[in-house]
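If you use our numbering, the sequence shown corresponds to residues 12 to 272, in order.
The beta carbon of each residue, even a glycine, is placed where N, CA and C say it ideally should be.
Note that the structure is predicted; figures quoted are calculated from it, not measured.
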Amino acid sequence: MNVTPIAAFDDNYIWIIHNGRHNSSDPQDIIVVDPGDAEPVIRAIEANGWQLRAILLTHHHYDHTGGVEELLQLSDVPVYGPAHEKIKGVTHPLNEGERLDFDDIDIHLQVLDTPGHTRGHICYYGHDSLFCGDTLFAGGCGRIFEGTPSQMYASLEKIRALPKETQIYCAHEYTLQNLGFAHIAEPDNREIIERTERVTILRKEGKPSVPSTLEEELLTNPFLRSHQPELIQNAGTFSAQPLTQPAEVFAVVRAWKDSLD
Ligand SMILES: [Zn+2]
Numbered sequence: 012m013n014v015t016p017i018a019a020f021d022d023n024y025i026w027i028i029h030n031g032r033h034n035s036s037d038p039q040d041i042i043v044v045d046p047g048d049a050e051p052v053i054r055a056i057e058a059n060g061w062q063l064r065a066i067l068l069t070h071h072h073y074d075h076t077g078g079v080e081e082l083l084q085l086s087d088v089p090v091y092g093p094a095h096e097k098i099k100g101v102t103h104p105l106n107e108g109e110r111l112d113f114d115d116i117d118i119h120l121q122v123l124d125t126p127g128h129t130r131g132h133i134c135y136y137g138h139d140s141l142f143c144g145d146t147l148f149a150g151g152c153g154r155i156f157e158g159t160p161s162q163m164y165a166s167l168e169k170i171r172a173l174p175k176e177t178q179i180y181c182a183h184e185y186t187l188q189n190l191g192f193a194h195i196a197e198p199d200n201r202e203i204i205e206r207t208e209r210v211t212i213l214r215k216e217g218k219p220s221v222p223s224t225l226e227e228e229l230l231t232n233p234f235l236r237s238h239q240p241e242l243i244q245n246a247g248t249f250s251a252q253p254l255t256q257p258a259e260v261f262a263v264v265r266a267w268k269d270s271l272d
C-alpha cells in the first residue's frame, strides 16, 4: 500500500491510498481519506491519471467532508463513514471491527471506533498504517468537542496498543505547535527536544512532518504518556492536586493544553 498526502486549506492533509502497482494501460485506483476540499483532489487525479475508487471519512467536520459531494459528481463511488454520525453522502456506515476489503487492489482496512473529538469518530487501520483523522496528531491529540475526556482516553489507549511500527496518518500539520506544548509538559524529555529539531528542519524545507510512527508518538506525545512520572507530577502541579489514575492525568493534560491554545 502506498500513501500520498494532498495539502488542503491551511494545514489539512487529505490522504490518497493506492496499491503502488501501476499498470500504465489502466488508470490507477485510489481511495481518498477525508476530502475536505475536492479541488486539490481533482487536480491530483487529473495530473496522475488516477481513478477514484472509494471515499473514507473519519468524522463529520466540514474540513474532512466538504469535498465529498463534488467528488461524487466526478465518480459515483462508495462513501464509508462513521455509523454514529450523520454525514451526507455516506453509503456504508461503519462500526468498530468492520473490515473494508478492496481485494482487486489488495487494500484491506479495519475500523476502530475512537470517540472523543466527535461522538462517532472512527479510524481506519491496515497495512501497518492508521488513518486517524483528528483523534491522534503528531505530538498531540484532537480537542474533545463532543465526547468526554474518558472516551478520548480510551480511544487513544486503543491506538497505543497497536504495533509500534504503525504509521500515523493524521489529518493536520500541527506537529510543531504540539511539540511546543509537549516540551512544556515534559521539559526533561530529550526525545521531545530532538523531535522538535527534526520537525523544524522538515517544515523549513516545506515538507510534511507526517506520517510519524506510533513508536515516535509513544516517546514524545504527552497524550499517550499518562503513565510517565514526570508528566504525572507536572500535570498534578498544573491542576493543584495529586493525580493517580492515567485517565485523570490525560484529562488534566488536555485541559492544560486547551488553556494555552
Ligand atoms: Zn475535526
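Determine the burial state of residue i: buried for a count of at least 16 other Cβ atoms within 10 Å of its Cβ, exposed for fewer.
{"i": "I212", "result": "exposed"}
{"i": "E80", "result": "exposed"}
{"i": "G128", "result": "Note that residue 128 corresponds to His in the displayed sequence, not to Gly. Buried, by the Cβ-count rule."}
{"i": "P93", "result": "buried"}
{"i": "P198", "result": "exposed"}
{"i": "E96", "result": "buried"}
{"i": "H238", "result": "exposed"}
{"i": "Q256", "result": "exposed"}
{"i": "S223", "result": "buried"}
{"i": "S220", "result": "buried"}
{"i": "N106", "result": "exposed"}
{"i": "E228", "result": "buried"}
{"i": "K215", "result": "exposed"}
{"i": "K268", "result": "buried"}
{"i": "T9", "result": "The structure shown has nothing for residue 9, since the chain only spans 12 to 272."}
{"i": "G31", "result": "exposed"}
{"i": "E202", "result": "exposed"}
{"i": "S140", "result": "buried"}
Just checking residue i against ligand 1 - is the residue's beta carbon closer than 7 Å to any of the ligand's heavy atoms?
{"i": "G150", "result": "no"}
{"i": "G78", "result": "no"}
{"i": "H194", "result": "no"}
{"i": "H72", "result": "yes"}
{"i": "H128", "result": "yes"}
{"i": "G47", "result": "no"}
{"i": "D7", "result": "Since the first residue shown for the chain is 12 and the last is 272, residue 7 is missing from the structure and cannot be characterised."}
{"i": "G153", "result": "yes"}
{"i": "H29", "result": "no"}
{"i": "D145", "result": "yes"}
{"i": "H75", "result": "yes"}
Helix, strand or coil for residue i, going by three-state DSSP, please let me know.
{"i": "A266", "result": "helix"}
{"i": "Y185", "result": "coil"}
{"i": "F192", "result": "helix"}
{"i": "G92", "result": "strand"}
{"i": "L141", "result": "strand"}
{"i": "F148", "result": "strand"}
{"i": "L173", "result": "coil"}
{"i": "P222", "result": "coil"}
{"i": "I98", "result": "coil"}
{"i": "I133", "result": "strand"}
{"i": "I53", "result": "helix"}
{"i": "Q256", "result": "coil"}
What residue does the beta strand (DSSP E) around residue i start on, and which one ends it?
{"i": "D112", "result": "110-113"}
{"i": "V14", "result": "13-19"}
{"i": "Q121", "result": "118-124"}
{"i": "A65", "result": "61-67"}
{"i": "V43", "result": "39-44"}
{"i": "N23", "result": "23-29"}
{"i": "L105", "result": "103-105"}
What span of residues does the alpha helix (DSSP H) with residue i cover, start to end?
{"i": "D74", "result": "73-76"}
{"i": "F84", "result": "According to the sequence displayed, residue 84 carries Gln and not Phe. That run of the alpha helix (DSSP H) goes 79-85."}
{"i": "I204", "result": "201-215"}
{"i": "N245", "result": "240-250"}
Please check the pair residue i and residue j, which I expect to be a contact at CB under 8 Å, by giving their CB distance rounded to whole angstroms.
{"i": "L190", "j": "T177", "result": "In fact, because the Cβ distance is near 19 Å, the residues do not count as touching under 8 Å."}
{"i": "C152", "j": "M163", "result": "7 Å"}
{"i": "I66", "j": "L85", "result": "About 11 Å; that fails the 8 Å criterion."}
{"i": "F20", "j": "D87", "result": "26 Å between Cβ atoms; not a contact."}
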